[in-house]
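Under my numbering, the first residue of the sequence shown carries the number 932, and numbering increases by one thereafter. A virtual CB, placed ideally from N, CA and C, is assigned to each residue, including glycine. Remember, predicted model here, so these are calculated numbers, not experimental data. Okay, structure first, notes after.
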Amino acid sequence: MQLVSGKEVSNKVKDEIALEVQKLKNNGSKIPHLAAVIVGKDGASQTYVNAKVKACDRVGFNSTLVQLDEDITEELLLLEIEKLNSNIDIDGYIVQLPLPNHINEQKVTESVDPKKDVDGFHPVSLGKMLLHLPGFLPATPYGIIEMIKHYNIPTEGKHCVVLGRSHIVGSPMSVLMARKDYPGNCTVTLAHSRTQNLDQVAASADILIVAIGKPEFVTADMVKEGATVIDVGIHRIEDVSKKSGFRLVGDVKFDEVAPKCAFISPVPGGVGPMTIASLLKNTLLAVKGK
Ligand code: NAP
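As structure tokens, this is what we get:
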């Protein structure tokens, strides 16, 4: 079994980006600038956004954090987004999801300037992905593609099962794995909560990509011997043996699944760090696209 270490690959990607930033600095060119909008004080969202800001520091990007109150109106949030769209110093930005219930997430996503859409959630970015045109790929699927490439995991002609059909992970992942490219050229099954015989569907996968948001949902009996398993899920579960009182787990029961796998990504240290690295790559792309 080979561990697919997103931590290792993301460090390599960040080193490469840092070198490019150094070159830009040496040429007197503009330093890439990533902004993040966060609404409210949700603990997990704060952690993710802080990690993104830290990653900007690590590669030499400028970063701006726009912290807004939980009860901001949709109208005012859209005004903040308009400011980011027209700020020529900001190359790309993300709006951290989820947003409070009184705000229409789709409306917000669509108000981001597609040229600054480094999360890759705008319909223009998703359309370009579908047509295999250059553009921003959604950060998490993009990170998974880069991990598969780094470990030379064979994909052509394989049966890839994606568990979960969210707009930000599962659906784009299924499109990328079906592309006429490497990684890609898979026969793809996109499974979700209405899928029948999910256990058997999962067990038929050569490559199983799990993004359903249920802690340790995938067990050994759902995985084929020699499969590649990529675990997107991330959950804090109570663990009194830990000083913090919790530990992080994915959507896959790692200990029992790992021995059956050719390749498996762990949680933490798998997909998570790659999502951030992809965000940085997209920001560099936004700078070059100018
Ligand atoms: P989501 O929007 O909640 O979507 C979950 C998907 O799983 C839905 O398509 C749902 O089906 C399906 N599903 C739920 N329960 C199921 C079941 N029992 N059987 C079969 N399918 C089921 O989740 P998401 O945003 O894609 O995120 C998934 C996980 O990845 C979460 O743990 C999230 O925290 C994590 N995540 C991690 C990163 C990272 O960087 N590491 C990034 C994004 C997300 P329906 O469509 O039928 O409801």
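In this structure, Thr1214 keeps its C-beta atom at 8 Å or more from the C-beta atom of Val944.
Shown here, Val1202 sits in a helix according to DSSP, grouped into three states. Put simply, the residues with a CB less than 5 Å from any heavy atom of the ligand NAP are Thr1071, Gly1095, Arg1096, Ser1097, Val1100, His1123, Ser1124, Ala1142, Ile1143, Gly1144, Val1163, Gly1164, Ile1165, Val1202, Gly1203, Thr1206, in chain order. Of the candidates Ala1158, Gly991, Ile948, Ala1158 places its Cα closest to the Cα of Phe1194. Under the 8 Å Cβ criterion, the region 1109-1122 does not count as touching the region 1162-1169, having fewer than three qualifying pairs. Comparing alpha carbon positions, the residue from Leu1107, Gln977, Ala1070, Phe1052 closest to Pro1204 is Ala1070.
For Phe1177, the enclosing beta strand (DSSP E) has its first and last residue at 1177-1180. The DSSP-derived three-state label of Ile1012 is helix. Take Ser1209, set aside five residues on each side of it, and the residues of its chain with a beta-carbon closer than 6 Å to its own are Ala1070, Tyr1073, Gly1074, in chain order.
Residue environment: Val970 is assigned as buried (16 or more neighbouring CB atoms within 10 Å of its CB, all protein chains considered). In this structure, DSSP gives Leu950 a helical state, which the three-state scheme calls helix. Around the CB of Gln1127, fewer than 16 other CB atoms lie within 10 Å, so the residue is classed as exposed.
Residue pairing by DSSP puts Phe1194 in a beta bridge opposite Gln933, Thr1159. Assignment of Ala967 by DSSP, reduced to helix, strand and coil, places it in the strand class. Taking each of Lys985, Pro1054, Lys972 in turn and checking the Cα distance to Pro1031, the smallest one comes out for Lys972.
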